[in-house]
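Asks:
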Amino acid sequence: MTNAAVHMEGQLHAPGAVATGAVHAKGQQHPIKLYLVVWGWLFVLSTFSYLVDYFGLHGYLRWSLILLFMMLKAGLIVAVFMHMAWERLALAYAILLPPIAVLVFVSIMVLESEYTHLLRVLFFATPS
Amino acid sequence: MAETVLTNPGQSPARLEGWRGIAADWASDQRAFKNVSWGKAMMWIFLLSDTFIFSCFLLSYMTARMSTTVPWPNPSEVFALNIAGNHIPLILIAIMTFVLISSSGTMAMAVNFGYRRDRVRTAILMLVTAAFGATFVGMQAFEWTKLIMEGVRPWGNPWGAPQFGASFFMITGFHGTHVTFGVIFLIAIARKVLRGDFDVERRGFFTSRKGYYEIVEITGLYWHFVDLVWVFIFAFFYLW
Numbered sequence: 001m002t003n004a005a006v007h008m009e010g011q012l013h014a015p016g017a018v019a020t021g022a023v024h025a026k027g028q029q030h031p032i033k034l035y036l037v038v039w040g041w042l043f044v045l046s047t048f049s050y051l052v053d054y055f056g057l058h059g060y061l062r063w064s065l066i067l068l069f070m071m072l073k074a075g076l077i078v079a080v081f082m083h084m085a086w087e088r089l090a091l092a093y094a095i096l097l098p099p100i101a102v103l104v105f106v107s108i109m110v111l112e113s114e115y116t117h118l119l120r121v122l123f124f125a126t127p128s
Numbered sequence: 001m002a003e004t005v006l007t008n009p010g011q012s013p014a015r016l017e018g019w020r021g022i023a024a025d026w027a028s029d030q031r032a033f034k035n036v037s038w039g040k041a042m043m044w045i046f047l048l049s050d051t052f053i054f055s056c057f058l059l060s061y062m063t064a065r066m067s068t069t070v071p072w073p074n075p076s077e078v079f080a081l082n083i084a085g086n087h088i089p090l091i092l093i094a095i096m097t098f099v100l101i102s103s104s105g106t107m108a109m110a111v112n113f114g115y116r117r118d119r120v121r122t123a124i125l126m127l128v129t130a131a132f133g134a135t136f137v138g139m140q141a142f143e144w145t146k147l148i149m150e151g152v153r154p155w156g157n158p159w160g161a162p163q164f165g166a167s168f169f170m171i172t173g174f175h176g177t178h179v180t181f182g183v184i185f186l187i188a189i190a191r192k193v194l195r196g197d198f199d200v201e202r203r204g205f206f207t208s209r210k211g212y213y214e215i216v217e218i219t220g221l222y223w224h225f226v227d228l229v230w231v232f233i234f235a236f237f238y239l240w
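Protein chains in written order, with UniProt numbering: chain A, 1 to 128; chain B, 1 to 240.
Structure (structure tokens):
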């Protein structure tokens with residue numbers, strides 16, 4: 001949330017304004033150049049993540065790069081293309097915080113699958 | 001808890017009896033999202049629920065892949081193509097990624113022109129977006145055909161862990177369905193934009209409500225979300 005964003009909201013939506021057609025018609029107005037820059041970055045980041053595979057990087061380096069490029073791309077799409085950077089915090093938090101529960105789920109399932117894997121190695125897997 | 005009951009004692013209006021009272025309370029003018037229309041808020045909430053659905057698919061894939069003792073097929077090799085005699089790893093997926101990102105760019109521009117009430121440019125950009133989306137689905141159909149011809153099934157494949165097929169068809173299939181519906185959604189709205197429905201505030205044939213250019217942004221939210229999901233599928237399914 002930059003000052004510019006707050007300023008813009010103040011311009012577009014008079015205090016207490018009900019969402020009517022008149023308000024909608026102005027809506028989210030940002031310079032075209034911003035979209036083109038973000039578009040360019042998305043191409044660059046996608047190329048980078050493809051190159052990670054092309055050059056066959058492995059281990060922690062591969063994973064940190066993949067996750068870094070993924071988060072940057074996702075952030076750019078949500079913040080600029082989906083205009084989340086200019087929405088009020090009430091909406092941003094309502095949408096962006098619940099997916100944290102997914103991360104909790106991920107950690108639970110990582111533990112679970114490692115446990116399952118251990119049992120399979122101990123009792124079922126034929127040594128290769 | 002007692003404090004909660006005592007808050008704003010003077011402000012509770014007279015309450016109607018029974019269910020009418022409940023309905024009246026819930027329907028009264030209480031807005032959490034002050035400057036966001038119901039259409040946009042509902043699209044965001046839908047996208048949040050869709051996030052959980054895709055998360056569950058990716059999580060089940062992760063669990064299957066981490067817990068199996070059979071080697072997982074190498075996506076880099078499985079999705080490689082021979083182009084002009086060169087064996088290029090994962091090239092089809094890379095092209096699909098670029099196609100989808102391009103479509104996101106044209107969609108963002110369409111939203112921008114929509115708010116400037118430039119209806120021809122908005123409609124053209126939306127149709128270009130739909131064309132990119134259709135291209136993506138076409139390439140996905142090609143990918144599916146190739147894998148099925150090579151013997152990939154939901155219950156097995158020639159290269160390794162049998163869960164590969166089930167995860168692949170489920171995740172990419174569900175995503176492809178989203179893209180397909182997005183293309184239909186885009187074409188329907190582009191037609192309305194081109195016809196000038198939002199300039200003359202013509203009423204929709206189904207809802208009898210006036211439309212506004214904001215619907216372009218709402219369509220855009222859905223479309224960018226489809227691109228967003230692909231970012232995660234690309235990272236977790238194809239690059240792992």
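Glycine residues also receive a C-beta, built at the ideal position from the N, C-alpha and C atoms. Computed from a predicted model, the values in this text were never measured in an experiment.
Assuming valine 38 of chain A and leucine 76 of chain A are in contact, meaning their beta carbons sit under 8 Å apart, how far apart are those beta carbons, in whole angstroms?
Replies: In the first sequence, the residue the question calls residue 38 of chain A occupies position 38. In the first sequence, the residue the question calls residue 76 of chain A occupies position 76. Right, the Cβ-Cβ distance comes to about 5 Å (below 8 Å), so this counts as a contact.
Asks: Using only the alpha-carbon positions, how far apart do residue 246 of chain B and arginine 20 of chain B sit?
Replies: An answer regarding residue 246 of chain B cannot be provided, because it is not within the stretch 1 to 240 covered by chain B.
Asks: In terms of residue numbering, what span does the alpha helix (DSSP H) encompassing leucine 92 of chain B cover?
Replies: As a working note, residue 92 of chain B is residue 92 in the second sequence. Here the alpha helix (DSSP H) through leucine 92 of chain B covers 91-115.
Asks: Using CA atoms only, rank isn't needed, just tell me which of A:Val106, A:Phe123, A:Val44, A:Val121 is closest to serine 60 of chain B.
Replies: To locate residue 60 of chain B, count along the second sequence from 1; it is residue 60. Of the listed residues, the one whose Cα sits closest to serine 60 of chain B is A:Val106.
Asks: CA-CA distance, arginine 209 of chain B and arginine 203 of chain B?
Replies: Position 209 of the second sequence, counted from the first residue, corresponds to residue 209 of chain B. Position 203 of the second sequence, counted from the first residue, corresponds to residue 203 of chain B. Cα to Cα, arginine 209 of chain B sits roughly 5 Å from arginine 203 of chain B.
Asks: Using a Cβ-Cβ distance under 7 Å, would isoleucine 100 of chain A count as near chain B?
Replies: By 1-based counting over the first sequence, the position of residue 100 of chain A is 100. It does not; no Cβ of chain B falls within 7 Å.
Asks: Serine 113 of chain A and threonine 63 of chain B - do their beta-carbons sit closer together than 7 Å?
Replies: As a working note, residue 63 of chain B is residue 63 in the second sequence. As a working note, residue 113 of chain A is residue 113 in the first sequence. A contact, by the Cβ cut-off of 7 Å.
Asks: Does the separation of the CB atoms of residue 280 of chain B and phenylalanine 33 of chain B fall below 7 Å?
Replies: In the structure displayed, chain B extends from 1 to 240; residue 280 of chain B sits before or after that span and is not available.
Asks: Quick check: the Cα distance between tyrosine 212 of chain B and arginine 120 of chain A, rounded to an integer number of angstroms?
Replies: Reading the second sequence from its first residue, position 212 is the one you call residue 212 of chain B. Reading the first sequence from its first residue, position 120 is the one you call residue 120 of chain A. Whole-angstrom Cα-Cα distance: 58 Å.
Asks: Buried or exposed: which applies to phenylalanine 132 of chain B, given that a residue is buried once 16 or more other Cβ atoms fall within 10 Å of its Cβ?
Replies: Walking along the second sequence from the start, residue 132 of chain B turns up at place 132. Buried: at least 16 other Cβ atoms inside 10 Å.
Asks: Applying the criterion that 16 or more other CB atoms from any shown protein chain within 10 Å of the CB defines a buried residue, is proline 31 of chain A buried or exposed?
Replies: Within the first sequence, numbered from 1, the residue matching residue 31 of chain A stands at position 31. Under this definition proline 31 of chain A is an exposed residue.
Asks: In whole angstroms, give me the CA-to-CA distance for tryptophan 144 of chain B and alanine 27 of chain B.
Replies: Taking the second sequence and counting its residues from 1, one reaches residue 144 of chain B at position 144. Taking the second sequence and counting its residues from 1, one reaches residue 27 of chain B at position 27. If I take the Cα positions, the gap works out to 48 Å.
Asks: Report all residues from its chain with a CB closer than 6 Å to the CB of arginine 15 of chain B; omit the five preceding and five following residues, and keep chain order.
Replies: Counted from its first residue, the second sequence places residue 15 of chain B at position 15. The residues are Gly21.
Asks: Which term fits asparagine 35 of chain B, buried or exposed, when burial requires 16 or more other beta carbons within 10 angstroms of its beta carbon?
Replies: Taking the first residue of the second sequence as position 1, residue 35 of chain B is located at position 35. Its Cβ being crowded by 16 or more others within 10 Å, asparagine 35 of chain B is buried.
Asks: Would you kindly work out how many angstroms separate the C-alpha atoms of phenylalanine 52 of chain B and valine 102 of chain A, rounded to a whole number?
Replies: Here the question's residue 52 of chain B lines up with position 52 in the second sequence. Here the question's residue 102 of chain A lines up with position 102 in the first sequence. Answer to the nearest angstrom: the Cα atoms are 7 Å apart.
Asks: Roughly how many angstroms lie between the CA atoms of valine 80 of chain A and proline 158 of chain B, to the nearest whole one?
Replies: Walking along the first sequence from the start, residue 80 of chain A turns up at place 80. Walking along the second sequence from the start, residue 158 of chain B turns up at place 158. Approximately 43 Å between the Cα atoms of the pair.
Asks: Per DSSP, arginine 153 of chain B forms a beta bridge with which residues?
Replies: Here the question's residue 153 of chain B lines up with position 153 in the second sequence. Arginine 153 of chain B pairs with B:Gly156.
Asks: Closer than 7 Å, CB to CB, is leucine 91 of chain A near chain B or not?
Replies: Within the first sequence, residue 91 of chain A is the residue found at index 91, counting from 1. Interface residue, yes.
Asks: From B:Ala188, B:Thr135, B:Ala141, B:Thr177, pick the residue whose C-alpha is nearest to that of phenylalanine 206 of chain B; which is it?
Replies: As a position in the second sequence, residue 206 of chain B is number 206, starting the count at 1. Comparing Cα-Cα distances from phenylalanine 206 of chain B to each of B:Ala188, B:Thr135, B:Ala141, B:Thr177, the minimum goes to B:Ala188.
Asks: If alanine 141 of chain B sits next to leucine 125 of chain B, beta carbons under 8 Å apart, how far is it from one beta carbon to the other, in whole angstroms?
Replies: Stepping through the second sequence from its first residue, residue 141 of chain B is reached at position 141. Stepping through the second sequence from its first residue, residue 125 of chain B is reached at position 125. Not confirmed; about 25 Å, so no contact.
Asks: Give me the subset of the region 85-100 of chain B whose CB atoms are less than 7 Å from a CB atom of chain A, sorted by chain position.
Replies: The region 85-100 of chain B vs chain A, Cβ under 7 Å: Pro89, Leu90, Ala94, Thr97, Phe98.
Asks: Taking the DSSP output, what are the residues bridged to leucine 42 of chain A?
Replies: For the purposes of this step, residue 42 of chain A is identified with residue 42 of the first sequence, where counting begins at 1. Note: leucine 42 of chain A sits in no beta bridge, so no partner.
Asks: Does phenylalanine 33 of chain B get closer than 7 Å to chain A when you measure Cβ to Cβ?
Replies: Against the second sequence, residue 33 of chain B aligns to sequence position 33. Chain A, which has a Cβ nearer than 7 Å to the Cβ of phenylalanine 33 of chain B, makes this yes.
Asks: For serine 102 of chain B, collect the residues of the same chain with a Cβ closer than 6 Å to its Cβ; drop the 5 residues on either side in sequence, then sort them by chain order.
Replies: Here residue 102 of chain B is taken as the residue at index 102 of the second sequence, counted from 1. Result list for serine 102 of chain B: Phe132, in chain order.
Asks: Run through DSSP, which three-state label would arginine 202 of chain B get?
Replies: To locate residue 202 of chain B, count along the second sequence from 1; it is residue 202. Residue state, collapsed to three classes: coil.
Asks: Compare the beta carbon distance of isoleucine 179 of chain B and valine 137 of chain B with 7 Å and say whether it is the shorter of the two.
Replies: Looking up residue 179 of chain B in the second sequence gives position 179. Looking up residue 137 of chain B in the second sequence gives position 137. Looking at the sequence itself, residue 179 of chain B is valine, so the reference to isoleucine does not match. Cβ distance < 7 Å, so valine 179 of chain B and valine 137 of chain B count as in contact.
Asks: Spatial neighbours of phenylalanine 236 of chain B within its chain, please: CB distance less than 6 Å, with the 5 preceding and 5 following residues excluded, ordered by chain position.
Replies: Taking the second sequence and counting its residues from 1, the one referred to as residue 236 of chain B is at position 236. If we look at phenylalanine 236 of chain B and ignore the five residues flanking it on each side, its Cβ neighbours are Leu58.
Asks: For chain A, check one thing: does any of its Cβ atoms lie closer than 7 Å to the Cβ of methionine 1 of chain B?
Replies: Stepping through the second sequence from its first residue, residue 1 of chain B is reached at position 1. Its pLDDT being 40, under 50, methionine 1 of chain B is placed unreliably by the model, and nothing is read from it.
Asks: Start and end of the beta strand (DSSP E) containing isoleucine 83 of chain B?
Replies: Within the second sequence, numbered from 1, the residue matching residue 83 of chain B stands at position 83. Looking at the DSSP string, the run of the beta strand (DSSP E) that includes isoleucine 83 of chain B is 81-83.
Asks: Quick one: grab the DSSP three-state call for lysine 210 of chain B.
Replies: Your numbering for residue 210 of chain B matches position 210 in the second sequence. Here lysine 210 of chain B sits in strand by DSSP.
Asks: For a contact defined as C-beta to C-beta under 7 Å, what are the partners of tryptophan 41 of chain A on chain B?
Replies: Counting from one through the first sequence, the residue named residue 41 of chain A turns up at place 41. In chain order: nothing, as chain B lies at least about 10 Å away.
Asks: Thinking C-alpha only, which one of B:Thr97, B:Trp72, B:Leu81 is nearest methionine 70 of chain A?
Replies: Sequence index remark: in the first sequence, residue 70 of chain A carries index 70 (1-based). The shortest C-alpha separation from methionine 70 of chain A is found at B:Thr97.
Asks: Short of 7 Å in beta carbon distance, which residues of its chain neighbour histidine 24 of chain A, apart from the five on each side in sequence? Order them along the chain.
Replies: Position 24 of the first sequence holds residue 24 of chain A. For histidine 24 of chain A, the predicted structure reports a pLDDT of 44, less than 50, and the residue's modelled location is therefore unreliable. A value from the coordinates is still provided. Cβ neighbours of histidine 24 of chain A beyond the five flanking positions: none.
Asks: Quick check on isoleucine 88 of chain B: buried or exposed, where buried means 16 or more other Cβ atoms within 10 Å of its Cβ?
Replies: On the second sequence, position 88 is the one that residue 88 of chain B refers to. Its Cβ having fewer than 16 others within 10 Å, isoleucine 88 of chain B is exposed.
Asks: Cα-Cα, which of B:Leu239, B:Val231, B:Val216, B:Trp230 is closest to methionine 107 of chain B?
Replies: Taking the first residue of the second sequence as 1, we reach residue 107 of chain B at position 107. Comparing Cα-Cα distances from methionine 107 of chain B to each of B:Leu239, B:Val231, B:Val216, B:Trp230, the minimum goes to B:Val216.
Asks: With a 10 Å radius around its C-beta and 16 neighbouring C-beta atoms as the bar for buried, classify asparagine 112 of chain B as buried or exposed.
Replies: Position 112 of the second sequence holds residue 112 of chain B. That one is buried.
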